[in-house]
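Chemist:
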Amino acid sequence: MSAQSSFSDTYAEARARFVRAAADAGAQLFSYEHPSATGPMGETLYLDAAWFGPRDAASVLINTSGTHGAEGYGGSAAQLAWIEQMGPASLPPGTALFMIHAVNPFGFAWGLRGTENNVDLNRNWLDHSKPHPANPLYAEVHPLMCPRHIDKGFANELVMQSTKLLSVHGQWALEEAITRGQYTHPDGFHFGGLRPEWSTEVISALVRRELSQARRVGFIDWHSGPVGNGELIFLCFSKPGSVGFAQASEWWGPRALDPEHVNALWGSKRPSRRGIVFWGIENLVKDHADFAGAVVEFRSARAKDNPLESLRISLLERWLRFEGGFNAPEAPRYFEEIREDYAPRRESWRENVITNALTTYEQTLAGLGRWARETGSLAAD
1 MSAQSSFSDT YAEARARFVR AAADAGAQLF SYEHPSATGP MGETLYLDAA
51 WFGPRDAASV LINTSGTHGA EGYGGSAAQL AWIEQMGPAS LPPGTALFMI
101 HAVNPFGFAW GLRGTENNVD LNRNWLDHSK PHPANPLYAE VHPLMCPRHI
151 DKGFANELVM QSTKLLSVHG QWALEEAITR GQYTHPDGFH FGGLRPEWST
201 EVISALVRRE LSQARRVGFI DWHSGPVGNG ELIFLCFSKP GSVGFAQASE
251 WWGPRALDPE HVNALWGSKR PSRRGIVFWG IENLVKDHAD FAGAVVEFRS
301 ARAKDNPLES LRISLLERWL RFEGGFNAPE APRYFEEIRE DYAPRRESWR
351 ENVITNALTT YEQTLAGLGR WARETGSLAA D
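Numbering of the sequence shown is given in the UniProt record's numbering, commencing with residue 1 and proceeding in unit increments.
Okay, structure coming up:
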């Protein structure tokens with residue numbers, strides 16, 4: 001089967017294919033209609049989930065796609081490829097796979113990273129009743145990154161102003177301020193929100209209800225974006241020396257999690273994070289299950305010539321949301337540029353995504369099976 005055949009052209013097509021394939025494979029399906037947002041053609045949006053394997057499985061792999069909406073094409077294709085090419089018959093005894101498709105259906109449908117509220121779901125999984133993490137340097141950076149027009153004049157001004165900030169704070173501090181998450185500027189970059197987003201609430205309820213029997217939980221959250229051509233970057237957020245880190249290392253190999261190797265693939269030192277889905281789900285199951293996994297990136301973007309080019313995709317999304325609007329004359333070109341960065345149509349990228357994704361599914365599910373045999377528990381108590 002061609003790798004191209006697993007990819008869809010739109011969110012609506014991806015959703016229809018996922019639901020149909022999961023139903024044909026005998027999965028139990030869960031569908032949640034978005035209460036307010038719609039797609040570009042006014043279409044209804046859904047977060048869908050499919051359970052493959054025994055309902056009493058003590059080992060469960062949770063696999064998500066589209067957490068950062070526009071990145072959903074690769075993850076959706078990977079999920080469809082597993083259903084059609086491997087399927088429930090490939091699951092080890094006592095192991096289930098719980099796929100969640102289009103975590104952020106608004107972003108997937110429109111081709112944007114954030115939700116309908118400009119919230120980065122991988123910064124939203126926090127206890128919002130407590131003070132949000134501080135990011136004081138972001139307030140200095142924010143005004144520089146909110147242009148009315150993305151043109152040469154803006155580029156020159158940004159270079160001049162950022163040079164001043166670099167001389168004071170250094171490049172790493174600026175990268176960290178921009179990307180780690182902030183909770184003060186709703187129209188800014190990587191805004192984590194001030195309350196749980198709809199997607200966060202839906203997934204929280206699903207995990208609490210459907211995984212109460214689990215004793216071992218694996219996690220793969222498909223993403224895309226770093227420069228490359230479908231190679232994988234494993235971002236494991238478990239502490240070194242923990243059970244989770246040891247299992248992830250056993251599944252994917254120690255080199256895949258080695259910080260120097262990860263940084264080399266990422267293209268720079270990896271910034272810290274706040275409020276990620278990984279930790280959110282880990283917290284939901286920690287009282288009854290061990291947890292292991294990673295955010296897994298399909299490298300996708302073309303090489304950038306300079307730091308300004310590296311920021312361009314984020315600048316375009318913000319401009320579409322808060323400056324020009326989705327119907328601006330520039331909008332089709334900007335949406336296409338974002339799409340090509342996160343989900344390029346080149347054949348080699350798509351082939352590498354499917355090949356690497358299927359290998360990762362095989363490694364992870366086999367690892368969960370070994371984990372169960374080592375602990376002597378295939379079904380819930």
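Just so it is clear, CB atoms sit at the ideal spot from N, CA and C, and this is done for glycine as well.
Using the rule of at least 16 other Cβ atoms within 10 Å of the residue's Cβ for burial, across every protein chain shown, is L47 buried or exposed?
Modeler: For L47, the number of other beta carbons within 10 angstroms of its own is at least 16, and it is reported as buried.
Chemist: According to DSSP, is H149 helix, strand or coil?
Modeler: coil
Chemist: Can you tell me the Cβ-Cβ gap for A70 and R113, rounded? I've got them flagged as a contact below 8 Å.
Modeler: About 5 Å; that satisfies the 8 Å criterion.
Chemist: For W172, count neighbouring C-beta atoms within 10 Å of its own C-beta (all shown protein chains included) and say buried if the count is 16 or more, exposed if not.
Modeler: exposed
Chemist: By Cβ distance, which residues of its chain are closer than 6 Å to A77, with the 5 residues on each side in sequence left out?
Modeler: S6, F7
Chemist: With a threshold of 16 other CB atoms inside 10 Å of the CB of H149, please say whether the residue is buried or exposed.
Modeler: exposed
Chemist: Is the CB-CB distance between A96 and F30 below 8 Å?
Modeler: no
Chemist: Any idea what DSSP makes of F7, helix, strand or coil?
Modeler: coil
Chemist: Restricting to Cα atoms, I'd like to know which of T184, V168, E347, A205 is closest to P131.
Modeler: Of T184, V168, E347, A205, the residue nearest in Cα terms is T184.
Chemist: Hey, how far is the Cα of S65 from the Cα of S162?
Modeler: 34 Å
Chemist: Tell me the start and end of each unbroken beta strand (DSSP E) in the stretch 25-101 that is at least 3 residues and wholly inside, in chain order.
Modeler: 28-38, 44-52, 59-64, 95-101
Chemist: Quick one: Cα of G275 to Cα of S224, how far?
Modeler: 19 Å
Chemist: Within the same chain, show all residues whose beta-carbon is closer than 7 Å to that of D9, passing over the 5 residues directly before and after it, in chain order.
Modeler: So no residue of the chain qualifies.
Chemist: Note down the Cα distance separating T200 from E33, rounded to an integer number of angstroms.
Modeler: 14 Å
Chemist: Please list the terminal residues of the continuous alpha helix (DSSP H) segment that includes S204.
Modeler: Boundaries of the alpha helix (DSSP H) around S204: 198-210.
Chemist: Could you check if M1 is buried or exposed, using at least 16 other CB atoms within 10 Å of its CB as the buried criterion?
Modeler: It counts as exposed.
Chemist: Starting from L232, trace the beta strand (DSSP E) in both directions and tell me its first and last residue.
Modeler: Note, L232: beta strand (DSSP E), 232-235.
Chemist: Starting from W349, follow its DSSP beta bridges and name the residues at the other end.
Modeler: In the DSSP output, where bridge partners are listed per residue, W349 has none listed.
Chemist: Please determine, among P329, Y334, Y73, the residue with the shortest C-alpha to C-alpha distance to A343.
Modeler: Y73
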